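Working notes for the structure below.
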Amino acid sequence: MCPPLFGRRKNVEGCVVVFRDVTKQKEIDTMKSEFVSVASHQLKTPLSGIKWMCELLLDDSIKKTEQEKKEYLNDINNSNERMLHLVEDLLDVSHIETGRKFDIIKKDTDLIEIVAQTLKDNLQFAKDKNVRIIKCDNAPQKFIIKCDGDKIRQVFGNLINNAIKYSKNNGTVEIGCRHTKNLVTIYIKDDGVGIPQKQQARIFEKFFRADNAFTKETDGTGLGLYIARAIIEAHGGKLWFESEENKGSTFYFSLPF
Ligand code: ADP
Numbered sequence: 179m180c181p182p183l184f185g186r187r188k189n190v191e192g193c194v195v196v197f198r199d200v201t202k203q204k205e206i207d208t209m210k211s212e213f214v215s216v217a218s219h220q221l222k223t224p225l226s227g228i229k230w231m232c233e234l235l236l237d238d239s240i241k242k243t244e245q246e247k248k249e250y251l252n253d254i255n256n257s258n259e260r261m262l263h264l265v266e267d268l269l270d271v272s273h274i275e276t277g278r279k280f281d282i283i284k285k286d287t288d289l290i291e292i293v294a295q296t297l298k299d300n301l302q303f304a305k306d307k308n309v310r311i312i313k314c315d316n317a318p319q320k321f322i323i324k325c326d327g328d329k330i331r332q333v334f335g336n337l338i339n340n341a342i343k344y345s346k347n348n349g350t351v352e353i354g355c356r357h358t359k360n361l362v363t364i365y366i367k368d369d370g371v372g373i374p375q376k377q378q379a380r381i382f383e384k385f386f387r388a389d390n391a392f393t394k395e396t397d398g399t400g401l402g403l404y405i406a407r408a409i410i411e412a413h414g415g416k417l418w419f420e421s422e423e424n425k426g427s428t429f430y431f432s433l434p435f
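Shown next as structure tokens:
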């Protein structure tokens, strides 16, 4: 507030009051602290794991077989992968935030091949979680479209990973593909925990995780869908879902061709 304006007889005649809307600033502050909190929390677990396993490997007083040493190294490698993945996600978010958009490099790409390859990468995860994956029979053998194969693989990878992660024991995940004259749609359907109705509107917000997801899986950042949507929209496509709590979810993404 500025000092008051005085008249000739030293009486207060007016003053200037400036109001500034700080809503945006407050949002940015909240976002920054969420960012730091998620990043440090998610990095702490794999880093602590690596520290612990390195100490074990270096401690000569603890006898280890060659097989055990290999297992520790494997665990270190997995933790490292998780951290790399998180850092890549954070970099993607920073790209989206600063409006720099993604570098989408479109090339002729077989969408079905991407699906098959990503499924293969997730087979072990599905096995560990006791989840069965089925592919819809009437999907085409090949479907060539112009897109950024690496980015679409990232989207599909996130959706299939979520479907398995949020499945119940003995759950089923179904993958399918359909197309019209100029639009191809891939869907991933699970019969898992679903998304509570009252939280569905927030699911594409960055860092947002539904309460039931958080209870089921503490491991997660709430960044995957935010990034996936930005990638699909950068291709001129759409990403959406239908879900019912305790019944399951179906995520769809469509791409023009
Ligand atoms: P993360 O899985 O790391 O939490 P995502 O951005 O991929 O982050 O997903 C955001 C949130 O959306 C999840 O935390 C969860 O609440 C919800 N979600 C995503 N996919 C599913 C699914 N297949 N079933 C139930 N909830 C899901």
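First residue of the sequence shown: 179, per this note's numbering; consecutive thereafter.
Each residue gets a CB set at the ideal place from its N, CA and C atoms; glycine is no exception.
Note that the structure is a prediction, hence the values are computed from the model and not measured.
Taking C-alpha atoms, which residue in N300, D328 and A388 lies nearest to P374? A388
Less than 8 Å between the C-beta atoms of K343 and E411, yes or no? no
Flag Y344 as yes when its Cβ comes closer than 7 Å to any non-hydrogen atom of ligand 1, and as no otherwise. yes
Verify whether the separation of the beta carbon atoms of C274 and K329 is less than 8 Å. The sequence as given places Ile at residue 274; Cys does not occur at that position. No, the pair does not count as a contact, with Cβ atoms beyond the cut-off.
beta-carbon A388 near ligand 1 non-hydrogen atom, thresh 7 Å: yes
Quick check: is any heavy atom of ligand 1 less than 7 Å from the C-beta of T363? no
Short check: CB of A341 to CB of D368, under 8 Å? yes
Y404: beta carbon under 7 Å from a heavy atom of ligand 1? yes
Same chain, Cβ closer than 6 Å to G402, neighbours up to 5 away in sequence not counted: N336
Classify Q332 as buried or exposed, calling it buried when 16 or more other Cβ atoms lie within 10 Å of its own Cβ. buried
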